[in-house]
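Numbering (this note's numbering), first residue to last: 129 to 569.
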């Protein structure tokens with residue numbers, strides 16, 4: 129009889145690799161596959177749903193699942209009178225948050241835990257290396273911009289940069305000697321060089337990732353204040369050099385992108401009323417303006433949050449329960465909800481996860497998400513670098529909560545939550561990925 133672990137792990141890793149590479153393969157190598165985009169990701173969601181239900185074990189995981197079902201059904205089908213199909217389709221955006229943790233916990237708690245962790249660490253390393261040719265290809269073809277999304281495909285520049293920094297820090301910290309900072313940098317130069325592809329897109333958050341990356345390679349204790357005396361000047365030199373490369377590659381001016389006015393316009397826009405009026409003009413009258421992206425206005429992220437309460441009042445929606453699940457799905461097959469059709473100008477384009485959840489599940493949904501995230505960090509760390517990794521993952525969750533909707537992606541949650549859970553588990557035999565091509569037997 130084939131071992132259950134082998135069946136589950138192969139299904140899991142094959143599904144994960146498909147999600148991590150299908151974008152680039154279908155857009156750049158086998159373009160006819162783009163027509164299968166919806167089907168591929170739907171099948172991936174179904175696989176995660178089945179595996180997630182089969183691996184629900186702990187009280188925490190079961191509570192997260194049941195509370196979401198109750199919240200989603202009451203919001204969508206009771207308060208907003210949506211159909212079952214639209215509601216179920218909308219639930220897919222939350223599968224990563226709900227099921228990635230119990231699936232990973234099942235793999236990491238059994239007798240094959242070490243084997244699974246070695247396999248996943250190798251996946252992370254291969255994924256990191258794979259971004260080099262993919263990003264260079266996209267940069268040469270499209271130039272620096274949102275289409276440089278690595279193996280994830282076009283329009284994934286933000287998420288690929290965040291994953292590259294997170295994975296590199298995780299792999300580096302496993303071999304890190306806190307008593308020899310620069311010696312450890314030399315020892316782990318391969319992982320650090322693999323950060324370079326992030327300079328070939330316009331992800332401005334990479335500067336934040338870079339600074340935090342090197343700070344969290346310090347041992348977090350009171351005595352680290354003395355270390356900062358020489359770490360900060362060194363870090364300033366590195367950031368200045370990286371910044372110069374970034375500005376050169378993306379053809380931007382430092383005075384502009386580092387100004388307060390730039391960040392204000394980037395997050396809020398010049399005028400909320402002006403942006404809303406412009407969006408409505410594009411939506412209703414077909415007005416063509418330079419600010420459009422794909423035929424719609426990409427409203428600044430925080431402007432969207434400001435507009436939501438008035439939109440709810442206009443659409444007769446509850447601020448506590450939201451407009452129901454599925455507002456950001458259904459454009460390909462099932463169809464859009466009446467609310468999403470009416471307020472298409474608001475829902476499309478860049479959207480922070482806080483906006484995503486607020487629109488669909490209201491204030492109660494935000495409370496549910498915050499509680500779910502906090503519960504992930506409750507277990508004490510058991511690895512030497514656990515606190516540093518936890519802080520970095522916590523920053524990533526907070527950042528994406530306020531920046532974009534990457535948390536609706538199964539693969540993003542799987543990778544991020546795995547690195548978080550690894551702070552709770554220490555394999556008996558820790559492999560060094562850049563020392564040898566490890567065997568997974």
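Note that beta-carbon positions come from the ideal geometry of N, C-alpha and C, so glycine has one too.
How many angstroms separate the CA atom of residue i from the CA atom of residue j?
i, j, result
"residue 530", "residue 501", "14 Å"
"residue 195", "residue 244", "30 Å"
"residue 201", "residue 246", "39 Å"
"residue 148", "residue 539", "7 Å"
"residue 175", "residue 311", "44 Å"
"residue 261", "residue 232", "29 Å"
"residue 169", "residue 332", "28 Å"
"residue 507", "residue 534", "24 Å"
"residue 207", "residue 472", "21 Å"
"residue 132", "residue 150", "27 Å"
"residue 438", "residue 449", "15 Å"
"residue 178", "residue 171", "11 Å"
"residue 152", "residue 281", "4 Å"
"residue 199", "residue 139", "30 Å"
"residue 643", "residue 295", "A query on residue 643 cannot be resolved here, the shown segment of the chain reaching from 129 to 569 and no further."
"residue 516", "residue 299", "12 Å"
"residue 180", "residue 433", "32 Å"
"residue 509", "residue 301", "14 Å"
"residue 335", "residue 212", "43 Å"
"residue 314", "residue 478", "38 Å"
"residue 462", "residue 495", "29 Å"
"residue 146", "residue 504", "26 Å"
"residue 528", "residue 481", "7 Å"
"residue 316", "residue 346", "15 Å"
"residue 271", "residue 186", "47 Å"
"residue 474", "residue 427", "7 Å"
"residue 436", "residue 490", "10 Å"
"residue 265", "residue 440", "43 Å"
Sorted by chain position, which residues of the same chain lie with C-beta nearer than 8 Å to residue i's C-beta, five sequence neighbours on each side aside?
i, result
"residue 259", "278, 279, 288, 292, 322, 325"
"residue 164", "154"
"residue 526", "none"
"residue 513", "301, 302, 304, 551"
"residue 215", "200, 201, 204, 205, 452, 453, 454"
"residue 548", "504, 505, 517, 518, 521"
"residue 523", "340"
"residue 320", "296, 300, 313"
For residue i, I'd like the list of residues in its chain whose CB is within less than 6 Å of its CB, leaving aside the five on either flank, ordered along the chain.
i, result
"residue 220", "173"
"residue 284", "277"
"residue 210", "204, 452"
"residue 228", "541, 542, 545"
"residue 273", "330"
"residue 188", "503"
"residue 267", "276, 328"
Could you check whether the Cβ of residue i sits closer than 8 Å to any Cβ belonging to chain B?
i, result
"residue 311", "Going by chain labels, chain B is absent from the structure shown, which holds only one protein chain."
Is it right to say residue i is buried, meaning 16 or more other beta carbons lie within 10 angstroms of its own, or is it exposed?
i, result
"residue 429", "buried"
"residue 442", "exposed"
"residue 158", "exposed"
"residue 499", "exposed"
"residue 569", "Residue confidence for residue 569 is low, a pLDDT of 41 falling below 50, so the modelled location carries little weight; the figure read from the coordinates is stated next. Classification of residue 569: exposed, given that the 10 Å Cβ count is below 16."
"residue 445", "buried"
"residue 466", "exposed"
"residue 161", "exposed"
"residue 135", "exposed"
"residue 423", "Interpretation of residue 423 is limited by its pLDDT of 46, a score under 50 that renders its predicted location unreliable; no figure is taken from the coordinates."
"residue 222", "buried"
"residue 269", "exposed"
"residue 254", "exposed"
"residue 197", "exposed"
"residue 251", "buried"
"residue 142", "exposed"
"residue 257", "exposed"
"residue 421", "For residue 421, the predicted model reports a pLDDT of 42, less than 50, meaning its position is unreliable and no value from the coordinates is stated."
So, for residue i: in the same chain, excluding its five sequence neighbours on each side, which residues have a beta-carbon less than 7 Å away from its beta-carbon?
i, result
"residue 184", "190, 193, 230"
"residue 519", "344"
"residue 492", "199, 448, 449"
"residue 470", "443"
"residue 263", "276, 278, 325, 328"
"residue 226", "180, 192, 193, 196"
"residue 217", "454, 457, 458, 462"
"residue 464", "458"
Exercise. Just list the alpha helix (DSSP H) runs in the region 485 to 550, keeping only unbroken ones of 4 residues or longer that don't cross its boundaries, in chain order.
Key: 514 to 531, 538 to 549
Quiz item: Okay, do the region 481 to 489 and the region 233 to 242 touch, 3+ Cβ pairs below 8 Å being the bar?
Solution: no
Quiz item: Between the region 544 to 554 and the region 305 to 316, are three or more C-beta pairs nearer than 8 Å?
Solution: no
Quiz prompt | Residue ranges of each alpha helix (DSSP H) within the region 284 to 359, 4 or longer | solution = Counting whole runs of 4 or more residues, the region 284 to 359 contains the alpha helix (DSSP H) stretches 285 to 301, 309 to 315, 317 to 321, 334 to 343.
Quiz item: In chain order, which alpha helix (DSSP H) runs of at least 4 residues are fully inside the region 145 to 215?
Solution: 165 to 183, 187 to 201
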